[in-house]
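Protein chains in written order, with my numbering: chain A, 886 to 1134; chain B, 886 to 1134. We put the CB at the ideal spot given by N, CA and C, even for glycine. From a predicted model like this one, the values you see are computed outputs, not experimental measurements.
There are 2 protein chains.
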Amino acid sequence: MNLLNNIRVVLVEPIFGGNIGSVCRAMNNNGITDLAIVKPRSTTDWDDARKLSCNAKAQLEARKEFQSLEEAVADCTVVAGTSARTGFYRDTAYSPKEFAPLGLESAKDHKIALVFGREDKGLFNEELALCTHIIQIPSSELYTSLNLSHAVYLCCYEMFSTSGAFQPSEESADEAPTELRERMFDLWRDMMVETEFVHDQKLDHMMMGLRRIFNRGKLTVPDCKILMGLAKQSLWVADQWEKEKENRK
Amino acid sequence: MNLLNNIRVVLVEPIFGGNIGSVCRAMNNNGITDLAIVKPRSTTDWDDARKLSCNAKAQLEARKEFQSLEEAVADCTVVAGTSARTGFYRDTAYSPKEFAPLGLESAKDHKIALVFGREDKGLFNEELALCTHIIQIPSSELYTSLNLSHAVYLCCYEMFSTSGAFQPSEESADEAPTELRERMFDLWRDMMVETEFVHDQKLDHMMMGLRRIFNRGKLTVPDCKILMGLAKQSLWVADQWEKEKENRK
């Protein structure tokens, strides 16, 4: 079985067709074929894309297109977003080399995603929130902004070169895909609101904290079910409380 | 002393201006500034080069031009040529990662060169003969031909990341000590009981699940405070519910 077949490269709103083509070639050079584009732009120069994809035209033509990142990674367990910036939620970033064995471990049984943002603005916070891991590519402090295809190339290269020597270990419980994980986070958000733990303006900040805590390791399907059960129960209690108050009136 | 200042990137007869510009950016991203071009072509699109160099225009303008590879590397001790092909003289090739410490060792006291051939024909045998080392970039057997700037980027990246110039960002928040962590778990245990989520016999099992989830990464002090606040709030709601029930009697 080829682990590389389970790796999806996701480009979010890429601007330049040339970059998309170069990305296809970079993927092909490293035995990775699954390309998804989120919100493709009407202004993309697809002739440029075809030209720069060289011998990887099949990848380019076989790309999947989605209207949101959430849809593009719905079936993926590990979702690794790339970010040049440091800061809240980005403190615990992995280098591409550190990430490779973690990602390949999951790619043994599941689809995983490597997610790359716009050339000018990268990934937005709500997109990074969907990611289970953050990859930060080491670069000179004097100039940290990488060409999109260079970033994709390096990440694919590390996955490819690590995959050869890689012997994945057995994982007992099944990993949770994005779709299940997001349902869990939705319930936790509801719980925080209904128990009046946070007010609107602090909710997103608090959710980022929770995502960071839960995503430090791979959440399994049973883990998500525990966490969903717990949130549902608190929601139920909050609802009972409301009903009692109503009854008393 | 910065070892990276002693590394020269040499492009032999590059065809596309866009590639030269992308190479400048890739060098800049990795703190490498010395660019030499052997036999520049009259057909090169320098506007494209400038456009793709982005913030590395100074590198592009400061390039040195030579009429032969021999002149371009005359002052270098180690000269590493890149080649996609295997065969005569190429059998003892290094990967970029293997080469990095060897090259950097020489860069302590001397200029060294990383040499890249034409986009279509690579380096000729007489050019490879000038090289002290051959670097071969691992790639998929199905498609070994790399984009020129991708090859330069990877080699520069390995030199940069091996040189120690990069300081990975540290987790800023303080790690939680056992005492705080256990107070947090106690609150979560109380919450599960008071919200009637689990009964006695399942409580320990559920707590083990939660410990496993939370302990996958290092919990910080702020993480524990978020989790404690959340549990306290659910406990408060459960308490309010009890009081409402009492009031109704």
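Under the DSSP definition of a beta bridge, His-995(A) lacks any partner. Counting C-beta atoms within 10 angstroms of its own C-beta, Lys-996(A) has 16 or more neighbours from the protein chains shown and is therefore classed as buried. Phe-984(A) has a beta carbon lying at 8 angstroms or more from every beta carbon in chain B. Note on geometry: alpha-carbon atoms of Ala-969(B) and Ile-1020(B) lie some 9 angstroms from one another. About 7 angstroms separates the beta carbon of Lys-1103(A) from that of Thr-962(A), a gap short enough to meet the 8 angstroms contact definition. Sequence-distant Cβ neighbours of Trp-1073(A) in its own chain, meaning closer than 8 angstroms and more than five residues away, are Met-1092, Leu-1095, Leu-1112, Ala-1116. Residues of the segment 1031-1052 of chain B whose Cβ lies closer than 8 angstroms to any Cβ of chain A, in chain order: Leu-1031, Asn-1032, Ser-1034, His-1035, Tyr-1038, Leu-1039, Tyr-1042, Phe-1045, Ser-1046, Ala-1050, Phe-1051. By the neighbour-count criterion, in which a residue is buried when 16 or more other Cβ atoms sit within 10 angstroms of its Cβ, Arg-893(B) is buried. Residue pairing by DSSP leaves Ile-1111(B) without any beta bridge partner.
Counting along the chain, the unbroken alpha helix (DSSP H) around Cys-909(A) starts and ends at 902-914. Ranked by Cα distance from Ser-1119(A), the first of Asp-1089(B), Gln-1086(B), Arg-1066(B), Asp-1075(B) is Asp-1075(B). Secondary structure at Gly-1094(A): helix, using DSSP grouped into helix, strand and coil. The beta carbon of Arg-1003(B) sits no closer than 8 angstroms to any beta carbon of chain A. By the C-beta density criterion, Leu-1027(B) is exposed, having fewer than 16 other C-beta atoms within 10 angstroms. A direct Cα-Cα distance of roughly 28 angstroms separates Asp-932(B) from Ile-1022(A). Of all residues in the segment 904-929 of chain A, only Ser-907, Arg-910, Ala-911, Asn-913, Asn-914, Asn-915, Gly-916 come within less than 7 angstroms of chain B when Cβ atoms are compared, listed by chain position. For Asp-1108(A), the closest Cβ of chain B is nearer than 8 angstroms. As computed with DSSP, His-1018(B) is found in a beta bridge with Ala-965(B). For Lys-949(A), the uninterrupted beta strand (DSSP E) segment begins and ends at 949-951. Only residues of its own chain outside the window of five on either side were considered, and among them Ala-921 have a CB closer than 6 angstroms to the CB of Lys-949(A), listed in chain order. Annotation: the continuous beta strand (DSSP E) that includes Arg-893(B) extends over 892-897. Distance between Asn-1010(A) and Asn-1132(A), taken at the CA atoms: about 42 angstroms.
Within chain A, no C-beta atom comes less than 8 angstroms from the C-beta of Tyr-979(B); the nearest is roughly 13 angstroms away. Taking each of Met-1069(B), Tyr-979(B), Phe-1082(B) in turn and checking the Cα distance to Asp-1108(B), the smallest one comes out for Met-1069(B). Residue-level contact by beta carbon fails for Ser-938(B) and chain A, as no gap is shorter than 8 angstroms.
Using a CB distance cut-off of 8 angstroms, Gln-1021(B) does not count as an interface residue toward chain A.
The beta carbon of Lys-1087(A) does not come within 8 angstroms of any beta carbon belonging to chain B, so the residue lies off that interface. The residues Arg-893, Val-895, Val-958, Cys-961, Val-964, in chain order, have a CB closer than 6 angstroms to that of Ala-998(A) in the same chain once the five nearest residues on each side in sequence are set aside. Residues of chain A with a Cβ closer than 9 angstroms to the Cβ of Met-1077(B) are, in chain order, Leu-1115, Gln-1118.
Proximity of the segment 1033-1053 of chain A to the segment 1029-1046 of chain B meets the contact definition, three or more beta-carbon pairs being nearer than 8 angstroms. Excluding residues up to 5 positions away in sequence, Leu-889, Ile-892, Cys-1041 lie with their Cβ nearer than 6 angstroms to the Cβ of Ile-917(B) in the same chain. Straight across, the Cα-Cα distance linking Asn-1100(B) with Thr-977(A) is about 15 angstroms. A straight-line Cα-Cα distance of about 17 angstroms links Asp-994(A) and Phe-984(A). A Cβ-Cβ separation of about 16 angstroms leaves Asp-1071(A) out of contact with Val-1106(A) under the 8 angstroms criterion.
The C-alpha of Arg-1003(A) is placed about 7 angstroms away from the C-alpha of Ile-900(A).
Residue state for Gly-1102(B) is assigned as coil, using DSSP reduced to three classes.
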